[in-house]
Amino acid sequence: TPSASEQRLAEVEAALQSLRTEHMQELQRLAAIHRDEVEFLRRKGEEKDRRLETIICERNALRLEGSERATAAGPVKGKAQASDSVDLEEGLPTGGGVGSSAGFLTEGDILLRRFSRIL
1 TPSASEQRLA
11 EVEAALQSLR
21 TEHMQELQRL
31 AAIHRDEVEF
41 LRRKGEEKDR
51 RLETIICERN
61 ALRLEGSERA
71 TAAGPVKGKA
81 QASDSVDLEE
91 GLPTGGGVGS
101 SAGFLTEGDI
111 LLRRFSRIL
């Protein structure tokens, strides 16, 4: 018959083995969580890259369209628009009357042009 110390040793070894098993399961669970998180972040990064590429293409298309309009409008009007380089933080110039549709469209074009420079 095993002595009390041998019984105690067997109990401790069984408890230790149980803790090892629980620890391995916890490590595997954490590894799976981290893999999922890395995959999620990788997908988000790829989505961001695709969105950035789309925005750059849109910006380039708007820039091309704006330059075509400027050249079609004539050299005087095109030069006036090209030299308009007020920072957005300083505010938009208010050409035309307040609430006029021409002023609104002009400010919208200027805003798009400045936004495309930021990108």
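For reference, each letter of the sequence shown is one residue, going 1 to 119 in our numbering. In this text, a Cβ means the ideal position worked out from N, Cα and C, and glycines have one as well. Predicted model, so just to flag it, every value in this text is computed and none were measured.
**Prompt:** Quick one: what's got a C-beta closer than 7 Å to Leu88's C-beta in the same chain, skipping five residues either side?
**Reply:** The residue given as residue 88 occupies position 88 in the sequence shown. Here Leu88 scores only 45 on pLDDT, less than 50, and its place in the model should not be relied on; the value that follows carries that caveat. Closer than 7 Å at the Cβ level, and outside the excluded window around Leu88, lie Arg114.
**Message:** By alpha-carbon positions, which one of Ala61, Ala72, Thr71 and Ala73 ends up nearest to Leu112?
**Reply:** Counted from its first residue, the sequence shown places residue 112 at position 112. With distances taken between Cα atoms, Leu112 lies closest to Ala61.
**Prompt:** In the structure shown, what three-state DSSP assignment does Arg29 receive?
**Reply:** Position 29 of the sequence shown, counted from the first residue, corresponds to residue 29. Reduced to three states, the DSSP call for Arg29 is helix.
**Message:** What would DSSP say about Ser3, mapped onto helix, strand or coil?
**Reply:** Taking the first residue of the sequence shown as 1, we reach residue 3 at position 3. Looking at Ser3 - three-state DSSP - the assignment turns out to be coil, as it is neither helix nor strand.
**Item:** Ala72 CB to nearest heavy atom of the ligand GTP below 7 Å
**Value:** As for the ligand GTP, it is missing from this structure, which has no ligand bound.
**Prompt:** Nearest-angstrom Cα distance between Glu11 and Arg43?
**Reply:** Counted from its first residue, the sequence shown places residue 11 at position 11. Counted from its first residue, the sequence shown places residue 43 at position 43. Those two C-alpha atoms are separated by around 48 Å.
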